[in-house]
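Protein chains: 2
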Amino acid sequence: MKFLVTGCAGFIGSHCVDRLLKDGHEVSGIDNFSTGRKQFLEDALTNSRFQLHEKDLADPRALDGVLKGEVDWVIHLAANADVREGLNHPQKDLRQNIEVTLNILEAMRKAGSRKIIFSSTGSVYGDTTVIPTPESCPFPRQTSLYGTSKLAAEGLLSSYAEGLGFTALIFRFVSILGERYTHGHVFDFVRQLKTNPDTLHVLGDGKQRKSYLEVEDCMEAIMQAMRYRWTKPVEILNLGTDEYVNVDQSIDVICKEMNVQPKRQYGGGDRGWPGDNPFIFLDCAKIRAIGWHPAQSIRESVQKTTRYLLENPWLFKERKTS
Amino acid sequence: MKFLVTGCAGFIGSHCVDRLLKDGHEVSGIDNFSTGRKQFLEDALTNSRFQLHEKDLADPRALDGVLKGEVDWVIHLAANADVREGLNHPQKDLRQNIEVTLNILEAMRKAGSRKIIFSSTGSVYGDTTVIPTPESCPFPRQTSLYGTSKLAAEGLLSSYAEGLGFTALIFRFVSILGERYTHGHVFDFVRQLKTNPDTLHVLGDGKQRKSYLEVEDCMEAIMQAMRYRWTKPVEILNLGTDEYVNVDQSIDVICKEMNVQPKRQYGGGDRGWPGDNPFIFLDCAKIRAIGWHPAQSIRESVQKTTRYLLENPWLFKERKTS
Numbered sequence: 014m015k016f017l018v019t020g021c022a023g024f025i026g027s028h029c030v031d032r033l034l035k036d037g038h039e040v041s042g043i044d045n046f047s048t049g050r051k052q053f054l055e056d057a058l059t060n061s062r063f064q065l066h067e068k069d070l071a072d073p074r075a076l077d078g079v080l081k082g083e084v085d086w087v088i089h090l091a092a093n094a095d096v097r098e099g100l101n102h103p104q105k106d107l108r109q110n111i112e113v114t115l116n117i118l119e120a121m122r123k124a125g126s127r128k129i130i131f132s133s134t135g136s137v138y139g140d141t142t143v144i145p146t147p148e149s150c151p152f153p154r155q156t157s158l159y160g161t162s163k164l165a166a167e168g169l170l171s172s173y174a175e176g177l178g179f180t181a182l183i184f185r186f187v188s189i190l191g192e193r194y195t196h197g198h199v200f201d202f203v204r205q206l207k208t209n210p211d212t213l214h215v216l217g218d219g220k221q222r223k224s225y226l227e228v229e230d231c232m233e234a235i236m237q238a239m240r241y242r243w244t245k246p247v248e249i250l251n252l253g254t255d256e257y258v259n260v261d262q263s264i265d266v267i268c269k270e271m272n273v274q275p276k277r278q279y280g281g282g283d284r285g286w287p288g289d290n291p292f293i294f295l296d297c298a299k300i301r302a303i304g305w306h307p308a309q310s311i312r313e314s315v316q317k318t319t320r321y322l323l324e325n326p327w328l329f330k331e332r333k334t335s
Numbered sequence: 014m015k016f017l018v019t020g021c022a023g024f025i026g027s028h029c030v031d032r033l034l035k036d037g038h039e040v041s042g043i044d045n046f047s048t049g050r051k052q053f054l055e056d057a058l059t060n061s062r063f064q065l066h067e068k069d070l071a072d073p074r075a076l077d078g079v080l081k082g083e084v085d086w087v088i089h090l091a092a093n094a095d096v097r098e099g100l101n102h103p104q105k106d107l108r109q110n111i112e113v114t115l116n117i118l119e120a121m122r123k124a125g126s127r128k129i130i131f132s133s134t135g136s137v138y139g140d141t142t143v144i145p146t147p148e149s150c151p152f153p154r155q156t157s158l159y160g161t162s163k164l165a166a167e168g169l170l171s172s173y174a175e176g177l178g179f180t181a182l183i184f185r186f187v188s189i190l191g192e193r194y195t196h197g198h199v200f201d202f203v204r205q206l207k208t209n210p211d212t213l214h215v216l217g218d219g220k221q222r223k224s225y226l227e228v229e230d231c232m233e234a235i236m237q238a239m240r241y242r243w244t245k246p247v248e249i250l251n252l253g254t255d256e257y258v259n260v261d262q263s264i265d266v267i268c269k270e271m272n273v274q275p276k277r278q279y280g281g282g283d284r285g286w287p288g289d290n291p292f293i294f295l296d297c298a299k300i301r302a303i304g305w306h307p308a309q310s311i312r313e314s315v316q317k318t319t320r321y322l323l324e325n326p327w328l329f330k331e332r333k334t335s
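Residue numbers (my numbering), protein chains in the order written: chain A, 14 to 335; chain B, 14 to 335.
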């Protein structure tokens, strides 16, 4: 099959490209390299079945010539993934998550391409108190611009399915961990501890409970869901592990791996930042019912991610931001 | 108190201005007159407590100088209200409903204004099968760009409440009827029957069940909710009547009022257009619990609206669209 992967040079995007190529597919990838890394595509770029397009999806014409109708699935992973800084640059989620998704849907409409896989987020559950949270929990209120923008993108997909015959698989991810992971709490903690192994600043009270999923398990879930014969044009699927850890437990794993014993300084409060969800734990019965289950535990993922970061110090170097 | 009303020259906006002035408040209104009508502000413009700003909220600086911090409440009614044509101009909902809302929130943030009332829609309940639909129904899937854009705007408000201390009252309206009503099914039917009283084209099968609310009842609900001492910074409130009619019943009222007996030609299917909800009926227990109840029935509203349209033929004249 032929795929187009947006955000192909990102953490999850590059894993997606590698997995599709490994499975024998043809893959076009698009990335503006605002946060993506060419190093993540090292293997892919040596493969004749991979084609890289360095373009910015904020331009409605970015997919002209890239999407020619013969693409079986668009896997849309390009996004602003920074949930924490939302209110510091309120236009960013709107532009990069809502508008870019609309640009992709319009390009697909013109090209006659109709099948799309989308990375949404557990953050769309906002202020829900139903935990573990199923896809059908009571209509929640949004608490972050990131969650709001991903929910809006979901709505765009689902409206295009309703009115124009699109097929959409929407995955609500927990935080993803693994090799090439370049932002989030493990990254922040490892960076801090490399600079100063004696003190660790922790947002919130360290008791925030979060669920994580290893990136290869995430890819396997997407591949299985793509092969499954769903009966509805739009399927929304939670994607996470059936477990959670709190921030302190996560730090324990990182510290053991780095062989450090820092004093932990807590910012205080029950959440890391305004709009943070102090407890994210998804009910993943729906995706599990098709036979998928994660192979790696959260502790294994944190460990693997920490090791990867320690082996790749270049990732901590400051980059020019676009 | 001091109010800023966006979309002040629109159907609902102009009623809001009149009501606030009648209650003795000071009102600034902003409208770009893309669909608003200066005629609707005839009374308001003679009132020294009203100030009109002819500006386009698509411009992030539109509220510079208008919102100076001394505004008690912003009532944000400006919107693209055309749910049916969403996929024919997919950028419109994004620009006019999401982006404009973000512009307003940013202007409020800068000006130190923190209280906002927002007109959302029952369309955010998308594909829900829970009817009457309460605010806490299972997380629905969106079916229209209009619903998607209003839900995104709700999320923006709610994120600003979470992170920046905003207070928001979000009303999920059913369709509103009454004087100055200028789009929607009653408008379409009256226009058709004025041209040709013998034949009426009806979208769908005429059995779509919808709930409507008279605009003065809508205003009374907003005023009562504004005075009520809510305990949470964000309150979401359904706003409708405890009844519904189907399209055929609505046509019966219009035909009786116009004294015509057209042959009805149905487009067929259970919905008027892709993404239409064949049954909209909201559970309004939450707003009723604070003491509000609608004074007018749906049939009275349809009747009143029809009479108004017949008395104001100028509304059917083609306008240059922006």
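Where a beta carbon is used, it is the ideal one built from N, C-alpha and C, also for glycine.
Margin query: Using the three-state DSSP reduction, which class does Ile130(A) fall into: helix, strand or coil?
Written below: Taking the first residue of the first sequence as position 1, residue 130(A) is located at position 117. Of the three classes helix, strand and coil, the one that applies to Ile130(A) here is strand, per DSSP.
Check: Taking Cβ-Cβ distances below 8 angstroms as the criterion, which residues of the segment 144-157 of chain A are in contact with chain B?
Finding: Glu148, Ser149, Cys150, Pro151, Phe152, Pro153, Arg154, Gln155, Thr156 and Ser157
Item checked: Rounded straight-line distance, which links the Cα of Phe184(A) to that of Gly23(B) -> For the purposes of this step, residue 23(B) is taken as the residue at position 10 of the second sequence. For the purposes of this step, residue 184(A) is taken as the residue at position 171 of the first sequence. One C-alpha to the other measures close to 39 angstroms.
Notebook entry, point to check: Name the residues in the segment 161-174 of chain A whose C-beta lies less than 8 angstroms from a C-beta of chain B; which are they?
Noted result: Thr161, Ser162, Leu164, Ala165, Glu167, Gly168, Leu169, Ser171, Ser172 and Tyr173
Next item on the list: Closer than 7 angstroms by beta-carbon distance: list the chain C residues that pair up with Pro287(A), in chain order.
Entry: Here chain C cannot be found, since the structure's protein chains are A and B.
Next item on the list: Please go through the same chain and pick out, in chain order, the residues whose beta-carbon is closer than 6 angstroms to the beta-carbon of Arg32(B), but skip the five residues on each side of it.
Entry: Translated into positions along the second sequence, residue 32(B) becomes position 19. Same-chain partners within the cutoff: Met232.
Next item on the list: Mind checking which residues open and close the beta strand (DSSP E) that includes Lys276(B)?
Entry: Here the question's residue 276(B) lines up with position 263 in the second sequence. Lys276(B) -> beta strand (DSSP E) spans Lys276 to Tyr279.
Checklist line | Three CB pairs or more closer than 8 angstroms across the segment 150-159 of chain A and the segment 117-124 of chain A | finding: no
Checklist line | Rounded separation between Val315(B) and Gly139(B) - CA only | finding: Counting from 1 along the second sequence, the entry for residue 315(B) is found at position 302. Counting from 1 along the second sequence, the entry for residue 139(B) is found at position 126. Each residue's Cα considered, the two are about 24 angstroms apart.
Item checked: chain A within 8 angstroms of Glu67(B), Cβ atoms only -> For this step, residue 67(B) is matched to residue 54 along the second sequence. Closer than 8 angstroms: no.
Next item on the list: Tell me whether Gln278(B) is buried or exposed, calling it buried when 16 or more other Cβ atoms sit within 10 Å of its Cβ.
Entry: Numbered from 1 along the second sequence, position 265 holds the residue referred to as residue 278(B). Exposed, by the Cβ-count rule.
Check: Are the CB atoms of Val258(B) and Lys299(B) nearer to each other than 8 angstroms?
Finding: Taking the first residue of the second sequence as position 1, residue 258(B) is located at position 245. Taking the first residue of the second sequence as position 1, residue 299(B) is located at position 286. For Val258(B) and Lys299(B), no; Cβs fall outside 8 angstroms.
Check: So what does DSSP say about Tyr225(A), is it helix, strand or coil?
Finding: The sequence position of residue 225(A) within the first sequence is 212, counting from 1. Strand, per DSSP.
Checklist line | Which listed residue (Pro210(B), Ile264(B) and Cys297(B)) has its alpha carbon closest to that of Pro275(B) | finding: Within the second sequence, the letter at position 262 stands for residue 275(B). If we check each option's Cα against that of Pro275(B), Pro210(B) comes out closest.
Checklist line | Which residues DSSP lists as bridging Gly42(B), in chain order | finding: Counting from 1 along the second sequence, the entry for residue 42(B) is found at position 29. DSSP, once it has assigned bridges, lists Val18(B) and Leu65(B) as partnering Gly42(B).
Check: beta strand (DSSP E) containing Ser188(A): first to last residue?
Finding: The sequence position of residue 188(A) within the first sequence is 175, counting from 1. Taken as a continuous stretch (DSSP letters only), the beta strand (DSSP E) holding Ser188(A) covers Ser188 to Leu190.
Notebook entry, point to check: CA-CA distance, Arg312(A) and Asp255(A)?
Noted result: Translated into positions along the first sequence, residue 312(A) becomes position 299. Translated into positions along the first sequence, residue 255(A) becomes position 242. Approximately 13 angstroms, taken between the alpha carbons.
Checklist line | Whether His28(B) touches Glu229(B) by CB criterion (8 angstroms) | finding: Residue 28(B) sits at position 15 when you count from the first residue of the second sequence. Residue 229(B) sits at position 216 when you count from the first residue of the second sequence. Yes.
Next item on the list: With a cut-off of 8 angstroms on the beta carbons, I'd call Pro62(A) and Leu90(A) a contact; round off their distance for me.
Entry: Here residue 62(A) corresponds to residue number 49 of the first sequence, with the count starting at 1. Here residue 90(A) corresponds to residue number 77 of the first sequence, with the count starting at 1. Here the sequence assigns Arg to residue 62(A), which means Pro is not the residue at that position. That belief does not hold up - the Cβ atoms of Arg62(A) and Leu90(A) are roughly 19 angstroms apart, past 8 angstroms.
Margin query: Assuming Leu177(B) is part of the alpha helix (DSSP H), what are its boundary residues?
Written below: As a first step, residue 177(B) is located in the second sequence; it is residue number 164 there, counting from the start. Its alpha helix (DSSP H) spans residues Leu158 to Leu177.
Notebook entry, point to check: Hey, how far is the Cα of Phe16(A) from the Cα of Val79(A)?
Noted result: Indexing the first sequence from 1 puts residue 16(A) at position 3. Indexing the first sequence from 1 puts residue 79(A) at position 66. If I take the Cα positions, the gap works out to 11 angstroms.
Next item on the list: Could you please give the first and the last residue of the uninterrupted alpha helix (DSSP H) stretch that includes Asn116(B)?
Entry: For the purposes of this step, residue 116(B) is identified with residue 103 of the second sequence, where counting begins at 1. First-last of the alpha helix (DSSP H) with Asn116(B): Val113 to Ala124.
Check: For Ala181(A), which beta-bridge partners are listed by DSSP?
Finding: What you label residue 181(A) is simply residue 168 of the first sequence in a count that begins at 1. Note: Ala181(A) sits in a beta bridge opposite Ile129(A) and Val247(A).
Note to self: Assuming the contact rule is C-beta atoms closer than 8 angstroms, Ala71(B) and Glu112(B) should be a hit. Round their C-beta distance to whole Å, please.
What the structure shows: Within the second sequence, the letter at position 58 stands for residue 71(B). Within the second sequence, the letter at position 99 stands for residue 112(B). Going by Cβ atoms, the distance from Ala71(B) to Glu112(B) rounds to 7 angstroms, so yes, they are a contact pair.
Notebook entry, point to check: Can you name, in chain order, every residue of its own chain whose Cβ lies under 6 angstroms from the Cβ of His214(B), other than the five neighbours on each side?
Noted result: One-based indexing of the second sequence puts residue 214(B) at position 201. Around His214(B): Gln278.
Check: How many whole angstroms separate the CB atoms of Phe329(B) and Arg204(B), which I take to be in contact at a CB cut-off of 8 angstroms?
Finding: Here residue 329(B) refers to the residue found at position 316 of the second sequence. Here residue 204(B) refers to the residue found at position 191 of the second sequence. Confirmed, Cβ separation roughly 5 angstroms.
Check: Straight-line CA distance for Ser310(A) to Trp243(A)?
Finding: Locating residue 310(A) in the first sequence gives position 297, where the first residue counts as 1. Locating residue 243(A) in the first sequence gives position 230, where the first residue counts as 1. The alpha-carbon atoms of Ser310(A) and Trp243(A) are separated by roughly 28 angstroms.
Notebook entry, point to check: DSSP three-state call for Pro151(B): helix, strand or coil?
Noted result: Counted from its first residue, the second sequence places residue 151(B) at position 138. Correct three-state label for Pro151(B): strand.
Check: Taking any Cβ of chain B, which residues in the segment 93-105 of chain A have a Cβ under 9 angstroms from it, in chain order?
Finding: Gly99, Leu100, Pro103 and Gln104
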